[in-house]
Every structure is written in C-alpha cells, then in structure tokens.
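Heads up, the thing below is written out as structure tokens.
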Amino acid sequence: MKRTIAQAAAVLLTVAGLTATLPSAASAAGPRCQGYECDAKLASTTACNADSYVPKKEGAKVTTDRGVLRVFWGPNCSTNWGAFDPTAAGLYRVWIYREEVGDRPTIGSGRAPREVYANEIPGVRLRTTMFYAPDAQVMVCVDVPAKGRVAAGSWVRYACTEWI
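Heads up: the sequence shown is residues 45 to 208, going by my numbering.
Here it is, written out as structure tokens:
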C-alpha cells in the first residue's frame with residue numbers, strides 16, 4: 045500500500061512518541077469549485093467555508109424572536125451563503141438571493157423546509173447553498189408557514205438580511 049510523505053512522517057512521529065498536526069487532504073487540496081460552478085453547492089462539502097466570516101456590515105446579521113439569520117462570505121471561493129440559527133421550535137425554509145450580474149439575472153436558491161424541535165436548540169443551523177458573488181450583492185431570508193399550516197403557497201417571508 046502506497047503512503048504519502050505526510051502519512052509516513054506521521055507514522056514516524058507517532059512511533060517516536062511525538063504528535064504533529066498535519067493539514068487534512070481537503071484543506072491541502074483547496075476548494076473543490078471555482079466561479080459560477082460553486083452556485084447551488086454547499087460550502088461545507090466544497091471547502092469554500094474555510095476562513096469564512098459574517099461581513100461587518102449593517103444588516104448582515106439579523107436577530108429575531110425566532111432565531112438569528114446571517115450572510116456568510118467565503119473568500120476562498122468568492123461565495124456567499126446564508127444560515128439561520130433557530131431559537132424557537134418550528135418549521136423553517138431558508139433562501140439566498142443574488143442580484144443581477146451582467147447577463148445573469150437575479151436568482152434565488154432555497155433549501156427544503158426543516159422542522160426544528162425544541163430539544164435540538166441550540167445546535168441546529170439551517171444553511172443555504174452558495175452563490176458565486178465577487179461583484180454582486182446577496183440577501184438571505186427565512187420563511188415560515190402562514191397560520192402554522194403548510195400547503196402550496198402558504199409560506200410567508202419572516203425575516204431577511206439587507207443586501208450585502
């Protein structure tokens with residue numbers, strides 16, 4: 045069985061009673077998408093979430109009585125995505141929108157609704173897919189069922205970040 049130099053070094057250090065932190069294969073390889081090919085993919089499965097952060101702009105983070113909504117920026121892939129951290133049990137659907145860029149129209153991408161139960165809070169984070177957005181603004185929104193019922197067209201917009 046072939047071993048990489050890093051694997052061989054880790055074995056030798058372990059045998060010698062030493063420990064070392066070596067970069068993972070995912071971080072060493074870098075992001076698994078670039079440009080518009082990152083659209084509709086998850087940041088966590090493409091390594092685009094490395095070094096990500098919430099921009100320090102007014103409206104990039106919105107706190108409501110049902111949770112916290114955020115826009116994330118991933119500099120490794122020039123992508124944005126959103127996350128909603130619920131603080132109340134309920135059914136939620138999270139969306140991200142990218143403004144028009146050149147010949148690309150404004151588009152949105154939503155994730156399937158998720159029922160969040162009280163025993164999962166805190167600890168649940170509902171994430172959107174990404175949009176490549178080096179020169180475009182994005183907005184993240186969370187929807188809830190109208191009057192507590194889920195049916196076609198029954199979702200209502202609960203909260204949105206600003207265009208960031």
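Think of the CB as a built atom: it goes at the ideal place given N, C-alpha and C, for glycine as much as any other residue.
Keep in mind it's a predicted model, so treat the numbers as computed, not measured.
Exercise. Go to Thr173, then tell me how far its beta strand (DSSP E) extends in each direction, as first and last residue.
Key: One-based indexing of the sequence shown puts residue 173 at position 129. Counting along the chain, no beta strand (DSSP E) covers Thr173, and no H or E run does either.
Practice problem: For Lys105, name the three-state secondary structure that DSSP assigns. | Solution: Residue numbering aside, residue 105 sits at position 61 when the sequence shown is read from its first letter. In the three-state scheme derived from DSSP, where H, G and I count as helix and E and B as strand, Lys105 is classed as strand.
Quiz item: When DSSP builds the beta bridges, which residues end up paired with Tyr161?
Solution: In the sequence shown, the residue the question calls residue 161 occupies position 117. Paired residues: none, contrary to the question.
Quiz item: According to the neighbour-count rule (16 or more other Cβ atoms, all chains shown, within 10 Å of its Cβ), is Arg148 buried or exposed?
Solution: Here the question's residue 148 lines up with position 104 in the sequence shown. That one is exposed.
Practice problem: Starting from Ala87, trace the alpha helix (DSSP H) both ways and give me its first and last residue. | Solution: For this step, residue 87 is matched to residue 43 along the sequence shown. Its alpha helix (DSSP H) spans residues Ala87 to Thr90.
Self-check item: Under 8 Å between C-beta atoms of Thr205 and Met183
Solution: In the sequence shown, residue 205 corresponds to position 161, counting from 1. In the sequence shown, residue 183 corresponds to position 139, counting from 1. Closer than 8 Å, so yes.
Practice problem: Tell whether a beta-carbon distance below 8 Å holds between Tyr141 and Gly152. | Solution: Within the sequence shown, numbered from 1, the residue matching residue 141 stands at position 97. Within the sequence shown, numbered from 1, the residue matching residue 152 stands at position 108. In contact: Tyr141 and Gly152 (Cβ atoms closer than 8 Å).
Quiz prompt | Status (buried if at least 16 other CB within 10 Å, exposed otherwise) for Gly111 | solution = Within the sequence shown, the letter at position 67 stands for residue 111. By the neighbour-count rule (16 or more Cβ atoms within 10 Å), Gly111 is buried.
Quiz item: How about Trp207 and Glu143: do their beta carbons lie closer than 8 Å?
Solution: Mapped onto the sequence shown, residue 207 falls at position 163. Mapped onto the sequence shown, residue 143 falls at position 99. At a Cβ-Cβ threshold of 8 Å, Trp207 and Glu143 count as neighbours.
Quiz item: For Thr123, which residues from the same chain have a beta carbon less than 7 Å from its beta carbon, with the 5 sequence-adjacent residues on both sides left out?
Solution: The sequence position of residue 123 within the sequence shown is 79, counting from 1. Same-chain partners within the cutoff: Cys82, Ala87, Cys92, Met174, Phe175, Tyr176 and Ala177.
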